[in-house]
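Protein chains in written order, with the working numbering: chain A, 13 to 99; chain B, 75 to 572. Yeah, the Cβ is synthetic: ideal placement off N, Cα and C, and Gly gets one too. A short worksheet on the structure shown next.
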Amino acid sequence: MANLGILSRFVGDAHIKVVNVDTEMSFAEVAEACKVHSVGLHVPNQPGKTLRVRRTTDDDSAQHFPATMKVKDANLRHLDCLDVYFV
Amino acid sequence: MALLDRSEWYGLARETNWTPRYVAENELFPADLSDPYGLPMKAWEAFDEPYKVSYREYVKVQREKDANAYSVKAALSRSKFYDSADEGYLSLLKLHYGAVSLTEYQACQAQGRMSRFSKAPGMRNTSTFGMMDEMRHTQLQLFFPHELVTRDRQFDWAHEATHTKNWAVLGGRHCMDDIMMTRDAITTSIMLSFAFETGLTNLQMVGLAADSEAIGDFTFSNMITSIQSDEARHAQLGTPSIEILIKNGKKAEAQKALDISFWRVWRLFAILTGIPMDYYIPLEKRHMSFKEFMHEWVIKQFVRQLNDIGLEKPWYWDMFLDDIENHHHCQQGGIWSWRPTVWWNPPGAVGPKEREWLEKKYPGWNDSYGRYWDVIIGNLLDGHEEKTHPNCIPVICNMCQIPVSNRPGPKWKARVYQLDYKEKRYNFCTPVCKWIFEQEPERYKDFETIVDRMYSGVIDPPTLPNVLTYMGIGVVSNGGRDGYDYSWINGYRKQAAE
């Protein structure tokens with residue numbers, strides 16, 4: 013178990029935010045951790061929709077991480093940037 | 075004895091190059107401080123600046139300017155203006171003084187380097203006057219706000235800001251250290267005098283003086299006008315340098331110096347000028363938007379100057395034009411949201427009428443930045459002020475030291491541009507800031523942003539109160555709050571009631 017600072021690129025938010033996550037967290041929990049810092053603060057909620065997380069890439073085409081996958085299994089580095097988006 | 079006419083001696087008095095006998099020329103003028111471009115001494119002797127002034131004339135004129143400025147300052151202590159001044163306007167003043175006062179002192183040192191190390195006698199002469207100009211500007215901009223410290227401690231940032239590690243100050247210092255404190259005489263003349271002073275600030279001061287006069291602050295207006303009249307002279311130092319470099323086959327080098335410095339200064343300038351023009355100045359006092367100002371006063375004139383001198387527009391010109399419509403709006407949102415981290419009281423100032431104005435000046439504002447503010451306004455209307463304070467931090471650009479931000483809402487464009495260099499991760503707000511880093515990574519690689527410091531152990535523990543103290547908040551003065559105590563949302567309450 014370790015803390016990791018990741019960059020949250022939350023859809024619709026103006027700012028890229030630093031969010032601390034735990035390596036034991038699932039990506040569903042990562043999505044919730046990022047949501048806390050954007051939805052209801054700088055981004056409106058989208059009730060009924062699900063949040064997904066993927067690596068940020070130049071063309072926004074990365075496959076999303078499975079919701080149950082653990083952070084420790086994703087080979088993330090300090091300050092890697094993640095897209096968090098509604099589907 | 076009758077004095078000679080100036081034209082009879084002035085040219086001769088500026089030809090002060092000599093052949094050193096006790097040291098080699100490269101010891102007298104080391105390349106890294108004087109001329110890394112390797113031009114012969116003769117080439118620099120062609121340097122000819124348009125504003126010619128003798129020391130006698132300089133002292134006479136400056137004395138008159140000072141007498142005028144200080145007489146207005148004397149009236150300030152009796153004035154009631156600041157007791158009832160608009161809080162948004164006071165924020166403009168606090169931001170200005172904190173960002174500018176001791177930067178002028180840095181500029182004094184930069185002018186000093188040009189006056190000592192330039193191989194061009196004309197530059198040495200003019201920058202000597204420039205050095206005295208900048209010292210005068212420092213003194214004026216420390217003395218004037220000092221009068222206001224007893225009324226509001228946040229004005230103490232005029233003197234203290236540069237000595238703190240506030241994130242906004244780090245941004246200013248990183249840029250100024252880069253363009254004017256650590257460059258050779260010639261590059262400094264391009265970066266400071268041409269890109270910064272000629273390109274952006276000289277004309278901005280004209281607009282700022284007009285704005286403060288319209289608001290009724292004749293003290294500030296008078297001071298800025300006094301300063302601007304000096305800037306107009308010593309800002310001319312860069313043009314002859316560029317002309318000489320181009321003539322001697324160094325156009326690419328001059329262009330690169332311009333491209334780096336113009337962007338670096340622009341990123342700060344938009345915050346220092348754009349936010350106050352479009353958000354802090356009361357709506358009824360705004361005479362033009364920041365975008366209109368940039369197109370009318372900066373772009374038109376600057377492009378003409380580039381054409382005249384033989385340089386091209388910076389390679390990122392399209393991105394710059396887009397940034398004029400975006401950067402300061404994003405940072406207004408960010409600075410307001412993280413208001414406890416700054417030394418002024420940023421007003422949200424996006425009531426219904428202000429939004430109408432913003433939409434007119436920046437078509438599409440409501441559908442982007444407006445969506446961001448809608449969430450904030452909703453929280454305030456629901457009585458949840460606490461939900462307007464983020465519990466995290468934005469990532470900071472490793473070049474401009476400004477939060478990485480871009481358009482919110484459906485037109486969402488936020489993106490970080492990353493680079494791994496020597497096993498370290500660097501984050502940039504734009505391709506341009508990343509490009510600047512890539513030009514000379516060894517120059518920039520060791521500087522840590524506030525975010526880097528939170529993870530490297532410099533700020534330990536990296537808790538919010540500790541971070542604020544590290545940045546001087548609660549030390550020099552309290553941090554910021556909403557400048558209007560949220561009164562700007564009353565318009566929405568009224569709309570809801572109707």
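- Message: Considering Cα atoms alone, identify which of B:362, B:560, B:422, B:275 is closest to residue 372 of chain B.
- Response: Locating residue 372 of chain B in the second sequence gives position 298, counting from the first residue. It is B:275 whose Cα lies nearest to the Cα of residue 372 of chain B.
- Taking all protein chains shown into account, decide if residue 539 of chain B is buried (16 or more other Cβ within 10 angstroms of its Cβ) or exposed. On the second sequence, residue 539 of chain B is found 465 positions in, with the first residue counted as 1. That one is exposed.
- Message: Using the Cβ count rule (16 or more neighbours within 10 Å means buried), how would you classify residue 341 of chain B?
- Response: Taking the first residue of the second sequence as position 1, residue 341 of chain B is located at position 267. Buried, by the Cβ-count rule.
- Message: Closest to residue 502 of chain B by C-alpha separation, out of B:485, B:521, B:478, B:515, would be which residue?
- Response: In the second sequence, the residue the question calls residue 502 of chain B occupies position 428. Selected option, being the one with the closest Cα: B:478.
- Task: Identify, in the order they occur along the chain, each residue of the same chain with its Cβ nearer than 8 Å to the Cβ of residue 74 of chain A, setting aside the five sequence neighbours on each side.
- Result: Walking along the first sequence from the start, residue 74 of chain A turns up at place 62. Closer than 8 Å at Cβ, skipping near neighbours: 66, 67, 68, 95.
- Would you decide whether residue 92 of chain B is buried or exposed? Buried here means 16 or more other CB atoms lie within 10 Å of its CB. As a position in the second sequence, residue 92 of chain B is number 18, starting the count at 1. With fewer than 16 Cβ atoms within 10 Å of its Cβ, residue 92 of chain B is classed as exposed.
- Item | Collapsed DSSP secondary structure at residue 457 of chain B in the structure displayed | Here residue 457 of chain B refers to the residue found at position 383 when the second sequence is read from its first residue. Residue state, collapsed to three classes: coil.
- residue 313 of chain B and residue 367 of chain B closer than 8 Å at C-beta: Here residue 313 of chain B refers to the residue found at position 239 of the second sequence. Here residue 367 of chain B refers to the residue found at position 293 of the second sequence. No, Cβ-Cβ distance for residue 313 of chain B and residue 367 of chain B is not below 8 Å.
- Item | First through last residue of the alpha helix (DSSP H) which encompasses residue 46 of chain A | In the first sequence, residue 46 of chain A corresponds to position 34, counting from 1. DSSP places residue 46 of chain A inside the alpha helix (DSSP H), whose first and last residues are 39-48.
- Cross-chain neighbours of residue 479 of chain B in chain A, by beta carbon under 8 Å: As a first step, residue 479 of chain B must be located in the second sequence, where it is residue number 405. Within chain A, the residues near residue 479 of chain B are 26, 27, 28.
- Query: Are the Cβ atoms of residue 163 of chain B and residue 289 of chain B separated by less than 8 Å?
  - Reply: Position 89 of the second sequence, counted from the start, is the residue given in the question as residue 163 of chain B. Position 215 of the second sequence, counted from the start, is the residue given in the question as residue 289 of chain B. For residue 163 of chain B and residue 289 of chain B, yes; Cβs fall inside 8 Å.
- Under a three-way DSSP split, which group does residue 15 of chain A fall into? For the purposes of this step, residue 15 of chain A is taken as residue 3 along the first sequence, with counting starting at 1. Strand.
- Coarse secondary structure for residue 30 of chain A, derived from DSSP in three states: Taking the first sequence and counting its residues from 1, one reaches residue 30 of chain A at position 18. Of the three classes helix, strand and coil, the one that applies to residue 30 of chain A here is strand, per DSSP.
- Task: Find the nearest neighbour of residue 552 of chain B within the set B:135, B:527, B:223, judged by alpha-carbon distance.
- Result: As a first step, residue 552 of chain B must be located in the second sequence, where it is residue number 478. Nearest of B:135, B:527, B:223 to residue 552 of chain B, Cα basis: B:223.
- Message: My parser needs the alpha helix (DSSP H) runs of 4 or more residues fully inside the region 94-126 of chain B; what are they?
- Response: 99-102, 115-118
- Under 7 Å Cβ-Cβ, which residues of chain A neighbour residue 235 of chain B? Within the second sequence, the letter at position 161 stands for residue 235 of chain B. The contacting residues do not exist; residue 235 of chain B stays about 23 Å from chain A at best.
- Consider the Cβ of residue 59 of chain A: report whether some Cβ of chain B lies at a distance smaller than 8 Å. Mapped onto the first sequence, residue 59 of chain A falls at position 47. Not a single CB atom of chain B sits nearer than 8 Å to the CB of residue 59 of chain A.
- Beta-carbon gap between residue 16 of chain A and residue 30 of chain A smaller than 8 Å: Here residue 16 of chain A refers to the residue found at position 4 of the first sequence. Here residue 30 of chain A refers to the residue found at position 18 of the first sequence. It is not a contact, given that the beta carbons lie outside the stated cut-off.
- Item | Alpha carbon of residue 81 of chain B to alpha carbon of residue 95 of chain B, nearest angstrom | Locating residue 81 of chain B in the second sequence gives position 7, counting from the first residue. Locating residue 95 of chain B in the second sequence gives position 21, counting from the first residue. Cα to Cα, residue 81 of chain B sits roughly 31 Å from residue 95 of chain B.
- Message: Restricting to runs no shorter than 3 residues, where is the beta strand (DSSP E) found entirely within the region 454-502 of chain B?
- Response: 491-495, 498-502
- Kindly confirm or deny that the region 414-422 of chain B and the region 162-179 of chain B touch, where touching means at least three C-beta pairs closer than 8 Å. Yes, the region 414-422 of chain B is in contact with the region 162-179 of chain B.
- Message: So if I threshold CB-CB distances at 8 Å, which residues from the region 44-56 of chain A count as touching chain B?
- Response: Residues passing the 8 Å Cβ filter: 48, 49, 52, 53, 54, 55, 56.
- Integer Cβ distance of residue 353 of chain B from residue 455 of chain B, believed to fall under 8 Å: Here residue 353 of chain B corresponds to residue number 279 of the second sequence, with the count starting at 1. Here residue 455 of chain B corresponds to residue number 381 of the second sequence, with the count starting at 1. Not a contact, Cβ separation roughly 20 Å.
- Using a Cβ cut-off of 7 Å, which residues of the region 172-187 of chain B contact any Cβ in chain A, in chain order? none
- Under 7 Å Cβ to Cβ from residue 76 of chain A, same chain only, skipping five residues before and after it: list those, please. Sequence index remark: in the first sequence, residue 76 of chain A carries index 64 (1-based). Closer than 7 Å at the Cβ level, and outside the excluded window around residue 76 of chain A, lie 64, 65, 66.
- Message: I'd like to know if residue 89 of chain A contacts chain B, where contact means its C-beta is closer than 8 Å to some C-beta of that chain.
- Response: Here the question's residue 89 of chain A lines up with position 77 in the first sequence. Taking a beta-carbon distance threshold of 8 Å, residue 89 of chain A counts as an interface residue toward chain B.
- Message: Let me make sure I understand the geometry here. Which of B:483, B:568, B:114, B:523 has the alpha-carbon closest to that of residue 21 of chain A?
- Response: On the first sequence, residue 21 of chain A is found 9 positions in, with the first residue counted as 1. Of B:483, B:568, B:114, B:523, the residue nearest in Cα terms is B:483.
- Task: Please report how far the alpha carbon of residue 465 of chain B lies from the alpha carbon of residue 266 of chain B, in whole angstroms.
- Result: Start at 1 with the first residue of the second sequence, and residue 465 of chain B comes out as number 391. Start at 1 with the first residue of the second sequence, and residue 266 of chain B comes out as number 192. Approximately 38 Å between the Cα atoms of the pair.
- Query: Nearest to residue 86 of chain B by alpha carbon, out of B:460, B:363, B:199?
  - Reply: For this step, residue 86 of chain B is matched to residue 12 along the second sequence. Checked all of B:460, B:363, B:199; the closest Cα to residue 86 of chain B is B:199.
- Exposed or buried, what is residue 370 of chain B when buried is set at 16 or more other beta-carbons lying within 10 Å of its beta-carbon? Counting from 1 along the second sequence, the entry for residue 370 of chain B is found at position 296. So residue 370 of chain B counts as exposed.
- When you compare only the Cα positions, how much space is there between residue 135 of chain B and residue 142 of chain B? On the second sequence, residue 135 of chain B is found 61 positions in, with the first residue counted as 1. On the second sequence, residue 142 of chain B is found 68 positions in, with the first residue counted as 1. Distance between the alpha carbons of residue 135 of chain B and residue 142 of chain B: 11 Å.
- Item | Inter-stretch contact (C-beta, 8 Å, three-pair minimum) for the region 209-217 of chain B and the region 169-189 of chain B | yes
- Measure the Cβ-Cβ separation of residue 253 of chain B and residue 315 of chain B and say whether it is below 8 Å. For the purposes of this step, residue 253 of chain B is taken as residue 179 along the second sequence, with counting starting at 1. For the purposes of this step, residue 315 of chain B is taken as residue 241 along the second sequence, with counting starting at 1. Not a contact, by the Cβ cut-off of 8 Å.
- Task: List the residues of chain A whose Cβ lies closer than 8 Å to the Cβ of residue 490 of chain B, in chain order.
- Result: Working through the second sequence from its first residue, we reach residue 490 of chain B at position 416. Correct list: 19, 21, 28, 68, 93.
- Query: In chain A, what lies closer than 9 Å to residue 499 of chain B by C-beta?
  - Reply: As a first step, residue 499 of chain B is located in the second sequence; it is residue number 425 there, counting from the start. The CB of residue 499 of chain B comes closer than 9 Å to the CB of 89, 90, 91, 92 in chain A, given here in chain order.
- Nearest candidate by alpha-carbon position, reference residue 303 of chain B, set B:280, B:285, B:319, B:311: Numbered from its first residue, the second sequence carries residue 303 of chain B at position 229. Checking every option, the nearest Cα to that of residue 303 of chain B belongs to B:280.
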